[in-house]
Amino acid sequence: MKTTISRKTAYIGAGAGLVLFALFGLLPGSLLGGAAGINIAGWLFGLPLNPGLLSRIIVLAFMLIGVLVAGIVIVTASTTVGWLVGKVLEPRAHAEERAEEAKAAHR
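Residue numbers 361 to 467, in the working numbering, belong to the letters of the sequence shown in order.
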């Protein structure tokens with residue numbers, strides 16, 4: 361019983377984080393990562409970028425990095441919030457268990 365409530369709420373938070381990432385993190389992550397990739401490729405090859413393969417690979421890599429960072433941040437934050445909610449609820453559950461045990465002992 362010690363970690364089950366906090367573990368369950370952490371899983372609920374992770375699931376909610378995946379949904380939040382799909383709704384609010386995927387597009388901004390790729391947009392910001394792509395902008396960073398264009399800046400890096402512009403520093404390396406000069407602006408405006410030529411439609412070469414290497415500059416496209418750099419932009420794609422930074423878009424993927426942006427999506428991964430956004431996903432990691434959102435899911436980690438929501439999992440942590442879920443775990444903290446579980447840790448807050450655990451003492452109450454333990455107190456209820458002790459009260460039920462005390463009632464059973466007096467009968």
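We put the CB at the ideal spot given by N, CA and C, even for glycine.
Please read all numbers here as calculations on a predicted model, not as lab measurements.
Counting only runs of 4+ residues fully inside the region 371 to 417, write out the alpha helix (DSSP H) ranges in chain order. 386 to 405
Sub-9 Å separation of residue 383 and residue 430 beta-carbons: no
Out of curiosity, what's the CA-to-CA distance linking residue 400 and residue 388? 18 Å
As assigned by DSSP and simplified to three states, the class of residue 450: helix
CA-CA distance, residue 417 and residue 424? 11 Å
Return the CA-CA distance between residue 449 and residue 428, expressed in angstroms with no decimal places. 31 Å
Would residue 433 and residue 375 be called neighbours here (beta carbons separated by less than 9 Å)? no
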